[in-house]
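Some notes on the structure that comes next.
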Amino acid sequence: MRLFLLAPLLTAALLAAAPSHALAPACNAGVVFEDRDGDGRRDRGEPAIAGVLVSDGERIVRTGKEGRWSLPVEDGRTVFVIKPAGYAFPTGADGLPVFWRHVQAAPGPGLRYGGIPAAPVACHDFPLRRESRGKAPLQVLVLADPQPKTARDVDYYGRDIVAPLVAAAKGRRAADLGLTLGDIVDDDLALYPAMNRLTAQLRTPWLHAAGNHDLDFDAATDEDSLRSFRNTFGPDTFAWEEPQASFIVLDDVIYRPGQSPAYVGGLRESQFAFLEAYLATQERDRRIVIAAHIPFFDEPGRETFRRADRERLFALLAPFEKVLLLSGHGHVQRHHRHGPADGWSGATPLHEYNVGAACGGYWSGPADAQGIPDARMSDGTPNGYATARFDADGGYSLHWHVARGQGEALHLHAPKVLRQGAWPGVGVYANVYMGEADTRVEYRVAGGDWQPMTRVDEPDPALRRENLLDDASETLRGYDRLPEAEASTHLWRGRLPTNLPEGEHLVEVRAFDRWRGEVRSSVVYRLERVAP
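Rendered as structure tokens:
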């Protein structure tokens, strides 16, 4: 009886000793407001914003006339605002836009790179500020697979990719928006802060998709495999709206602990719920851009993206007239036009741009005079980044930029010397970085008539030459060898004539880029007369 009487007193004492936040009920609600002075706090006179979408990655709610939003309290969620066109988010100390917060009251699974720490779940307001760019096209920087393994590789990323963009921007934003399509690092998630410090120098609102090398590999489930990624970059599945387009960033890496392969391309049920809810808010003639890491097409002979998930995604996208897919992962440069064989039933083929890697062939190959490795990819494309321009009418254009390059769009490979009168079986090769199956590529020799080149499914001979030099070298030519040359989807060949006069002859090549128009390059070969 005495213990029974003491129990209420003991409980009261424990409650009195508990921290104040333990007494407050968890709150997953708040207000979206116009932050007119940019201090991140709602001050007197700063109005609420109605009609803004707020989500936890599955459910979506819309703020009412007083700007209020409310979602269920569910541990492990990341809540975010879907940025409306004409507004911007404040920038955090890490240089990233501040548009999300975690709901994690209880400790999550213990992970090597920290995961998401537990914290009281209190009410939270989201600031937005008005931003108007008029009717100018939206300029977007697109990076895939920076993928540094070490601090040395982070330095390459800074000097090879970021520094030239910073110099070209001359103190302004490098672009209106930036996207990284996964594999921000190569398994060492401790490199995230260093990468963010460099990317922040571009002074551009930057969004990140997750890649298979951004996973917590000690997580027990797919749902927990991006906790450390989310702690740095926010939601793994979200949307972002600009006047010219709506961007949907998807985690399409399904982690499968203990299985082989350890991951496959696909989407979770919660992501489909988010997509269904969000796409229902969009006009059918709106430009929709899907950004993810793993390509939505399969590699030859194997299912690399779950077909059922692809067909389900494509069914959601089919009613929209203007859809573009952006992906990375392959460390090659490709365009894929989805049709019925892929489960696409839209009126026209669905364009997927599989963007080449910022790290190219994994920061490999011999270093140049600046100490930066060659880093070309297995299809012969030099490492670099892409830009995308989106117009007010939904039109778009794409452009590949060679890292520290001078705007080159292709490179040529030809022999230096041939015997005059030899059988004309030797060719000049043109690797056209943005080339597709229907790209028109022509060449002429010594000012003659333009002739069509033939697209070939062969390895780039310029990269093959580097492979052979690596084979023949008695010492390592770089920290790692360049990747083995594989068949390129954008390689053309033309035969070189040997019935011309002795001496040097100019070979000119022109390709007709879908967006840039005519692009050119040239090379010289020499004919030598040899006595029989």
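In our numbering, the protein residues as written are 75 to 606. No residue lacks a Cβ here, since even glycine has one placed at the ideal position from N, Cα and C.
Proximity below 9 angstroms, CB of residue i to CB of residue j
i, j, result
"A180", "L253", "no"
"V500", "H564", "no"
"P201", "E140", "no"
"D250", "T273", "no"
"G439", "D453", "no"
"P183", "A293", "yes"
"R584", "Y503", "no"
"D261", "L289", "yes"
"W65", "S401", "Since the first residue shown for the chain is 75 and the last is 606, residue 65 is missing from the structure and cannot be characterised."
"V338", "F379", "yes"
"V155", "V128", "yes"
Whole-angstrom distance between residue j and residue i, CA atom to CA atom
i, j, result
"R603", "R518", "22 angstroms"
"D296", "G188", "16 angstroms"
"A431", "L185", "28 angstroms"
"E426", "E560", "21 angstroms"
"E592", "R569", "21 angstroms"
"P43", "V228", "The structure shown does not extend to residue 43, since the chain is modelled only from 75 through 606, so no value can be given for it."
"R358", "G469", "15 angstroms"
"H473", "L215", "10 angstroms"
"Y459", "R408", "13 angstroms"
"H475", "P606", "48 angstroms"
"L424", "H412", "5 angstroms"
"P193", "N270", "Correcting the residue type first, residue 193 is Ala in the shown sequence and not Pro. Cα to Cα, A193 sits roughly 24 angstroms from N270."
"V153", "E558", "43 angstroms"
"D587", "H403", "24 angstroms"
"P498", "T461", "40 angstroms"
"D113", "T165", "10 angstroms"
"D531", "E582", "22 angstroms"
"R386", "D326", "13 angstroms"
"V515", "L399", "25 angstroms"
"R142", "Q333", "44 angstroms"
"R600", "P535", "19 angstroms"
Nearest to residue i (by Cα), restricted to the options the options
i, options, result
"N305", "Q178, G339, V155 and G591", "Q178"
"G521", "D545, V598 and D448", "V598"
"P267", "F291, I235, V240 and S302", "S302"
"P309", "L537, V126, A511 and G150", "G150"
"E120", "L127, D111 and L239", "D111"
"H287", "E482, L263, L349 and D512", "L263"
"G420", "G402, P393, C433 and G434", "P393"
"P211", "A167, N457 and E316", "E316"
"R450", "G104, R361, Y436 and R408", "Y436"
"V105", "S144, D113, L398 and I134", "S144"
"A389", "H405, L542, S129 and A354", "A354"
"D416", "D545, R384 and L400", "R384"
"A98", "S471, L127, V195 and A243", "V195"
"R360", "D467, R600, R493 and V429", "D467"
"F307", "F371, T378, P171 and R386", "P171"
"Q213", "A243, I190 and A336", "A243"
Local Cβ density within 10 Å of residue i, reported as buried at 16 or more and exposed below that
i, result
"R594", "exposed"
"C197", "exposed"
"W116", "A small fix is needed here, since residue 116 is Arg in this sequence, not Trp. Classification for R116: buried."
"K157", "buried"
"Q480", "exposed"
"L580", "exposed"
"T85", "The predicted model places T85 with a pLDDT of 36, which falls under 50 and marks its position as unreliable; any figure quoted below should be read in that light. Exposed, because fewer than 16 other Cβ atoms sit within 10 Å of the Cβ of T85."
"Q444", "exposed"
"A248", "buried"
"S596", "exposed"
"L556", "buried"
"D545", "exposed"
"Q345", "buried"
"A319", "buried"
"H95", "Confidence in H95 is poor, its pLDDT being 45 and thus under 50, which makes the residue's placement unreliable; the coordinate value appears in the next sentence. Classification of H95: exposed, given that the 10 Å Cβ count is below 16."
"A241", "exposed"
"I368", "buried"
"V491", "exposed"
"W174", "buried"
"T528", "exposed"
"W418", "buried"
Whole-angstrom C-beta distance between residue j and residue i, which should lie under 8 angstroms
i, j, result
"P533", "S562", "7 angstroms"
"G160", "R204", "6 angstroms"
"I362", "L324", "Rounded, the Cβ-Cβ distance is 12 angstroms, inconsistent with contact."
"A218", "G256", "7 angstroms"
"F464", "G131", "Actually they are not in contact, since the Cβ atoms of F464 and G131 sit about 25 angstroms apart, beyond 8 angstroms."
"Y352", "I134", "6 angstroms"
"L281", "L239", "Rounded, the Cβ-Cβ distance is 16 angstroms, inconsistent with contact."
"F371", "H410", "5 angstroms"
"R226", "I446", "Actually they do not touch by this definition, with Cβ atoms about 11 angstroms apart."
9 angstroms Cβ cutoff, residue i in contact with chain D
i, result
"G245", "Within the model displayed, chain D is absent; a lone protein chain is all it includes."
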